[in-house]
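In my numbering, the protein residues as written are 3 to 543.
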């Protein structure tokens, strides 16, 4: 297939807001692809290079951009993929200049439309609306399989391009080949929000009452209320001899947290000796109260003396879910069954503190005790819920003491007075639409967010120094004293209330907004959506 055909399909997808039309454009393209083109085409449509990083930064890409373009569309996908592979594999002395030369050659062979597409792909700014969920549906319709089967394969593999290539080549039976693999991390399940434990319990038990006929009516009345730790979420993979640890962003941090491997040595694993667990690690004071999140994150420094850091800031491990154990995938099992497996294998002192209850009185008492102990809140979970990897569902609800939202910084203003020379007042926004899944392949632009206001409150001098450097790296353009940035940095914002405001596009703003912390452990597509903000307004008119 010619690259021009893919570019045209990308433009067609970007040009419509209707889901069925997006699916139709993608399906038409998928049906025209040769088997060896599918993985490349799907990766491009998702805004991702199959090669990953090719070793050329933004400045070098701009320098390589030619002054002319090809008049005819002659590049095919295989040719483009081969050229980018050559660039990625170029090493040694003079490699930077050689990479730039090869990239210029590629651009010169492309039409103007293809150049713009390739530049956006290389910059990581390609956004044509081909979200993973839409691609999943297009693949399902093309091969005649239930979308849920394709979704599960993508969920456990984390690679929609690989799933699409296999499914289009071999049909629906290829989906059975995609299973959870030890040492290949899954996207974590995400939680919704509730204002109180009572509200959360009411929501979950109401869902239980509406369960299909034949469901266990008695079990649907009970929920799990867990301590919500303000630590670093981790996924632990172990075979008894080797343990590897991944962050919520799927980055491996095994070397920085030896306490996890020591904890894993205590697991009572049967055969085959395999387990994948979801949990948190955090630093605790001697009295058991938690250190702030920022203190825990010091253990993840790039140039950290781990032994010394461990002596001064030891980490504790707490497990709250089990995704795979002893050769069996558990993500489709209800939470109560995953609990049972986890409790059989993991020592009790490594498990999260939890209460299973059907009464709001007990849930609120547990919440109060959790807050008194210095933790940030509780998680309320349905015992019937599967582990919905990479999705934010209604079966896990987080309850915090104060209103907070994870938003994305869209722009920053230069400060004045004491903050002269520092980037200070941040413009924050929520996702325009909640993402159907978390995919590292998804790249968001400013148009995907709805601005909710500005704040300069809660910023320390250290934070001002950091954010000035950070946002200058992310800047896209300036308008007077405002620096606009790529929407990549997530920030946790606390606020008193949501109010209607004609000043902002979404008609909403946050009262008394202040910065709690910057969330380097979250991607922009994991931020809260504008619908969540509207729900807060509806609850507190």
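All C-beta atoms in this analysis are idealised placements derived from N, C-alpha and C, irrespective of residue type, glycine included.
Exposed unless 16 or more other CB atoms sit within 10 angstroms - verdict on residue i
i	result
residue 230	buried
residue 363	exposed
residue 368	buried
residue 240	buried
residue 462	exposed
residue 282	buried
residue 30	exposed
residue 538	buried
residue 394	buried
residue 442	Bear in mind that the predicted position of residue 442 carries a pLDDT of just 41, short of 50, making it too unreliable to give a figure here.
residue 216	Summary for residue 216: the model assigns pLDDT 46, below 50, so the residue's position carries little reliability; its value from the coordinates is reported in the next sentence. So residue 216 counts as exposed.
residue 497	buried
residue 42	buried
residue 264	exposed
residue 19	exposed
residue 514	exposed
residue 237	buried
residue 319	buried
residue 98	exposed
residue 453	buried
residue 533	exposed
residue 270	exposed
residue 220	Bear in mind that a pLDDT of 41 at residue 220, under 50, signals an unreliable position, so the model cannot answer this.
residue 440	Unreliable placement is indicated for residue 440, whose pLDDT of 40 sits below 50; the coordinate value is still reported in the next sentence. It is buried - the Cβ of residue 440 has at least 16 other Cβ atoms within 10 Å.
residue 279	buried
residue 403	exposed
residue 400	buried
residue 426	buried
residue 190	buried
Which residues DSSP lists as bridging residue i, in chain order
i	result
residue 453	431
residue 398	383
residue 27	Answer is none; residue 27 lacks a bridge partner.
residue 230	379
residue 277	240, 327
residue 408	494
residue 284	318
residue 94	Beta-bridge pairing links residue 94 to no other residue.
residue 460	Beta-bridge pairing links residue 460 to no other residue.
residue 415	484
residue 422	417
residue 225	359, 384
residue 586	No answer is possible for residue 586: the residues shown for the chain start at 3 and end at 543.
residue 531	433
residue 235	282
Span of the beta strand (DSSP E) around residue i
i	result
residue 480	477–481
residue 160	No beta strand (DSSP E) contains residue 160, which DSSP labels as neither H nor E.
residue 502	499–502
residue 511	510–513
residue 254	No beta strand (DSSP E) holds residue 254; DSSP gives it neither H nor E.
residue 193	192–195
residue 357	356–359
residue 506	Here residue 506 belongs to no beta strand (DSSP E), and DSSP marks it neither H nor E.
residue 486	484–487
First and last residue of the uninterrupted alpha helix (DSSP H) at residue i
i	result
residue 518	Segment 516–520 is the beta strand (DSSP E) holding residue 518; no alpha helix (DSSP H) there.
residue 141	134–145
residue 248	Run containing residue 248: none in the alpha helix (DSSP H); it sits in the beta strand (DSSP E), 245–249.
residue 9	5–16
residue 121	114–125
residue 573	Examination of residue 573 is not possible in this model, given that the chain is present from 3 through 543 alone.
residue 98	97–110
residue 264	260–266
Nearest-angstrom beta carbon gap, residue j and residue i [assumed within contact, 8 angstroms]
i	j	result
residue 324	residue 317	Incorrect: roughly 20 angstroms between the Cβ atoms, too far for contact.
residue 106	residue 227	At roughly 59 angstroms, the Cβ-Cβ gap does not stay under 8 angstroms, so residue 106 and residue 227 are not in contact.
residue 388	residue 471	With a Cβ gap of about 42 angstroms, residue 388 and residue 471 do not count as contacting.
residue 187	residue 145	About 27 angstroms; that fails the 8 angstroms criterion.
residue 297	residue 321	Wrong, their Cβ atoms sit about 21 angstroms apart, outside the cutoff.
residue 382	residue 225	5 angstroms
residue 492	residue 414	So it is not a contact: roughly 14 angstroms between Cβ atoms.
residue 524	residue 408	6 angstroms
residue 285	residue 315	5 angstroms
residue 142	residue 152	5 angstroms
Check: residue i C-beta below 7 angstroms from any heavy atom of the ligand ATP
i	result
residue 103	In the structure on display, the ligand ATP does not appear, and there are no ligands present to speak of.
Next item on the list: Pick out the complete alpha helix (DSSP H) segments inside the segment 295–353, 4 residues or longer, and give them in chain order.
Entry: Look at the segment 295–353 and you find these whole runs of alpha helix (DSSP H), each 4 residues long or longer: 295–298, 308–314, 337–347.
Margin query: Report the start-end ranges of each alpha helix (DSSP H) in the segment 36–83 that is 4 residues or longer and not cut off at the edges.
Written below: Runs of the alpha helix (DSSP H) inside the segment 36–83: 40–47, 60–66.
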